[in-house]
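Here the structure is laid out as C-alpha cells; the discussion comes afterwards.
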Amino acid sequence: MNELWNSRTKQYQKMVMRYLKYVLNDHLILALLFFGGGIGLAYSNWLKEIHPGTWYIKPLVLIGGVLLTLLGNPVLLLKLPDKVFLVPKEKDIHQYLGKSVKRSLISVVLPTLIGNIILFPLLALEYHHVEAAVAITVTIFLGSMANVLRKYQTLYFDTSLSQMWFHLVVMLIAVGLGVWFSPMGGLILMAINLIFRVVLLNQVFKTKRFNWNYAIDLENSRMQRLYHFFSLFTNVKQVGAEVKRRKYADGLVHILSGKPTLFTYLYPRIMIRSGNQGSLMLRLLLLGMVIEGYSQQIPLKVIVGGLTIYLMVIQMVDIYRPVHENVFIKIYPVSPDAAEKDLLSVMKRIILISAIFLTLIGLISNLSWNFLVASVVTQGIVAVILLKWFIPRYIKKLN
Numbered sequence: 003m004n005e006l007w008n009s010r011t012k013q014y015q016k017m018v019m020r021y022l023k024y025v026l027n028d029h030l031i032l033a034l035l036f037f038g039g040g041i042g043l044a045y046s047n048w049l050k051e052i053h054p055g056t057w058y059i060k061p062l063v064l065i066g067g068v069l070l071t072l073l074g075n076p077v078l079l080l081k082l083p084d085k086v087f088l089v090p091k092e093k094d095i096h097q098y099l100g101k102s103v104k105r106s107l108i109s110v111v112l113p114t115l116i117g118n119i120i121l122f123p124l125l126a127l128e129y130h131h132v133e134a135a136v137a138i139t140v141t142i143f144l145g146s147m148a149n150v151l152r153k154y155q156t157l158y159f160d161t162s163l164s165q166m167w168f169h170l171v172v173m174l175i176a177v178g179l180g181v182w183f184s185p186m187g188g189l190i191l192m193a194i195n196l197i198f199r200v201v202l203l204n205q206v207f208k209t210k211r212f213n214w215n216y217a218i219d220l221e222n223s224r225m226q227r228l229y230h231f232f233s234l235f236t237n238v239k240q241v242g243a244e245v246k247r248r249k250y251a252d253g254l255v256h257i258l259s260g261k262p263t264l265f266t267y268l269y270p271r272i273m274i275r276s277g278n279q280g281s282l283m284l285r286l287l288l289l290g291m292v293i294e295g296y297s298q299q300i301p302l303k304v305i306v307g308g309l310t311i312y313l314m315v316i317q318m319v320d321i322y323r324p325v326h327e328n329v330f331i332k333i334y335p336v337s338p339d340a341a342e343k344d345l346l347s348v349m350k351r352i353i354l355i356s357a358i359f360l361t362l363i364g365l366i367s368n369l370s371w372n373f374l375v376a377s378v379v380t381q382g383i384v385a386v387i388l389l390k391w392f393i394p395r396y397i398k399k400l401n
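The sequence shown begins at 3 in my numbering and counts up one residue at a time.
And the structure:
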C-alpha cells in the first residue's frame, strides 16, 4: 500500500506541475499583484474607519473563523478500478489512508493560513493582547484539521459522529468561546476535539468497512474541480465542455451579437453557453468592480479598470480557436476575413460594456472629473492596444 501511495503521489505531482506552468504565467502574477494590492488597500482603509469594540467585529470573526474550519478535503488519489482490484487488500487500506491523511493535513495549511492572515488585523484591532489573537488563530487551524479528519471518517460505513452538523456545532461553540469569552478556553476545547477526532479515526480504521464507491466519487469530484481550475488557463483533456442554454444570459448574448452575422451569432454563444469563458469574464468584472467601489485612490482605480479589461479580453479572445479549427468553416461561402472582423466587433462590445460598469462603480465611491477623464483615457488606450495589436497578432499566430 505504501508503494501504491508513493506511485500515485508522483503521478499526481507530475500532473500538477505540468499545468502549473500555464497557471503561474506573467498575466496571472500581474493580476494578483494589482488585485491583491487593491483589495489590501481597500481593506486597510476600512480597518482605519472602525474602532475597537465595534459591535460587528466579533460576529465577523466568528463567521470567518467557522468558515475557515470548513476548509480542506481528503486527497485520496483513488481511481475507479480500485474498487475492484484493491478490494482484496481492504484490510490494509488504513496504511494507504494514513499517508493520505498526512498529505491532506498539509494541504489545508495554506488556505487556512491565508484566511487567518486576512482575519488577524481584525483580531489585533479587537483584542489588546497578541496572545489572544494568536490563540484564536491556532483554534481555527486546529478546527480545519479536525474537519479533514471528520471527512476521512465519512469514507467508512456507520460513522455517526462524522455528520456535518455535529462538526459545525462544535466549531461554533469552540470559536465562539474563544471570540467572546476566553481565547485560551476556545483553544483548549478545539484541541480536545482534534484529539477526539484522531482517536475516533484510528478506531474507524480498525473496525469499520471502507465505502469504496463514496471514496472514489469524492476523489473524482475533487479532481474535476482541479481540472476545471486548470482549464481556465489551458486545454485540459479531462474536462469536456458542458454546452447548455442559460436563459438568464440570453439578453447578454443578443447585446454581444449586435448585427447578426454568422460569426457574431457563434462567438457570444461559445462564450456564454459552453466552457468557462463566460463565468471567468463575470468573475474578473465583479472583482474589478469591487476594487473600484471600495478604493478611494484614483491612480489605483484607473489601473485596475484598465487591467480588468485587458485580462478579460486576453481570456475571451480564445473563443476564436474553436471557430478557426472547425473544418466546416473553411467550406462555408463566407469571406475569410469575416471571422476576424466579427471577433473584433464582439470584443468591442465586451470592452465597452465592461468600461461602463467599471467607470460607474468607480464614480460612486469617487465622484470627480479627474477620475472620469483618467478612467476613460486609460481604458481607451487599453482598448486600442487590444483591438489594433493584440487580437490581430493572436489571430495571425493561429493562422
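Idealized CB from N, CA, C, for every residue including glycine. Since we're looking at a predicted model, the values are computed, not measured.
Practice item. If I'm right that R224 touches L151 with Cβ under 8 angstroms, what's the distance once you round it to whole angstroms? Key: Not really, about 17 angstroms apart at Cβ, beyond 8 angstroms.
Check your understanding: S377 lies in the alpha helix (DSSP H); which residues open and close that run?
Key -> W371 to I387
Check your understanding: Buried or exposed: Q165, going by 16 or more other Cβ atoms within 10 Å of its Cβ?
Key -> exposed
Review point. Using CA coordinates, which residue listed in A193, L112 and V110 is at the minimum distance from A137?
Key: A193
Check your understanding: Between the C-alpha atoms of L88 and N149, what's the straight-line distance to the nearest angstrom?
Key -> 27 angstroms
Review point. How should R20 be labelled, buried or exposed, when 16 other C-beta atoms within 10 angstroms of its C-beta is the threshold for buried?
Key: exposed
Exercise for review: Could you have a look at Y129 and say whether DSSP puts it in helix, strand or coil?
Suggested key: coil
Check your understanding: Taking the runs of the alpha helix (DSSP H) that are 4 residues or longer, which of them lie wholly in the segment 195 to 269?
Key -> 214 to 232 and 252 to 259
Practice item. Kindly provide the ranges of any alpha helix (DSSP H) runs that are 4 or more residues long and lie completely inside the segment 296 to 378, ordered along the chain. Key: 300 to 318, 322 to 327, 329 to 333 and 340 to 367
Practice item. Pick helix, strand or coil for Y158, following the three-state DSSP scheme. Key: strand
Practice item. Answer with buried or exposed for V171, where buried requires no fewer than 16 other C-beta atoms within 10 angstroms of its C-beta. Key: exposed
**Study point:** Rounded C-alpha distance that separates E134 from E128
**Key:** Checking the displayed sequence, the identity of residue 134 turns out to be Ala instead of Glu. If you take the alpha carbons of A134 and E128, they lie about 10 angstroms apart.
Check your understanding: Taking DSSP as the reference, what is the three-state secondary structure of Q165?
Key -> coil
**Study point:** Rounded Cβ spacing between W7 and Y98 (contact assumed at less than 8 angstroms)
**Key:** 5 angstroms
Point to revise | I316 and L388 closer than 9 angstroms at C-beta | key: yes
Check your understanding: Which full runs of the alpha helix (DSSP H) of 4+ residues lie inside the segment 53 to 126, going along the chain?
Key -> 59 to 70, 84 to 87 and 95 to 109
**Study point:** Buried or exposed by the 16-neighbour rule on C-beta atoms within 10 Å, applied to K303
**Key:** buried
Point to revise | Residue range of the unbroken alpha helix (DSSP H) whose run includes N27 | key: Unbroken run through N27: none, as it is neither H nor E.
**Study point:** Residues near K153 in its chain [Cβ-Cβ closer than 7 angstroms; skip 5 each side]
**Key:** N75 and P76
Review point. In this structure, does DSSP put F183 in helix, strand or coil?
Key: coil
Practice item. Measure the CB-CB distance between S297 and L43 and report whether it falls below 9 angstroms. Key: yes
Point to revise | Among G307, V140 and N222, the one whose alpha carbon lies nearest that of I363 | key: G307
Check your understanding: When burial is assigned at 16 or more other CB atoms within 10 Å of the CB, is S370 buried or exposed?
Key -> exposed
Check your understanding: The alpha helix (DSSP H) with K399 in it runs from where to where?
Key -> I393 to L400
**Study point:** Contacting residues, own chain, Cβ-Cβ under 7 angstroms from L203 (five flanking each side not counted)
**Key:** L151, Y154 and Q155
Review point. Straight-line CA distance for M318 to R211?
Key: 48 angstroms
Check your understanding: If you count every other CB in all the chains shown that lies within 10 Å of the CB of H131, and 16 or more means buried, which is it?
Key -> exposed
Review point. When the distance is taken between beta carbons, is G38 closer than 9 angstroms to L69?
Key: no
Review point. Out of L115, F183, L72 and G40, which has the shortest C-alpha to C-alpha gap to I300?
Key: G40
Practice item. Can you have a look at H53 and say buried or exposed, based on whether 16 or more other CB atoms are within 10 angstroms of its CB? Key: exposed
Review point. Just the Cα atoms here: how many angstroms apart are L400 and A341?
Key: 13 angstroms
Practice item. Determine the DSSP secondary structure at M3, reduced to helix, strand or coil. Key: coil
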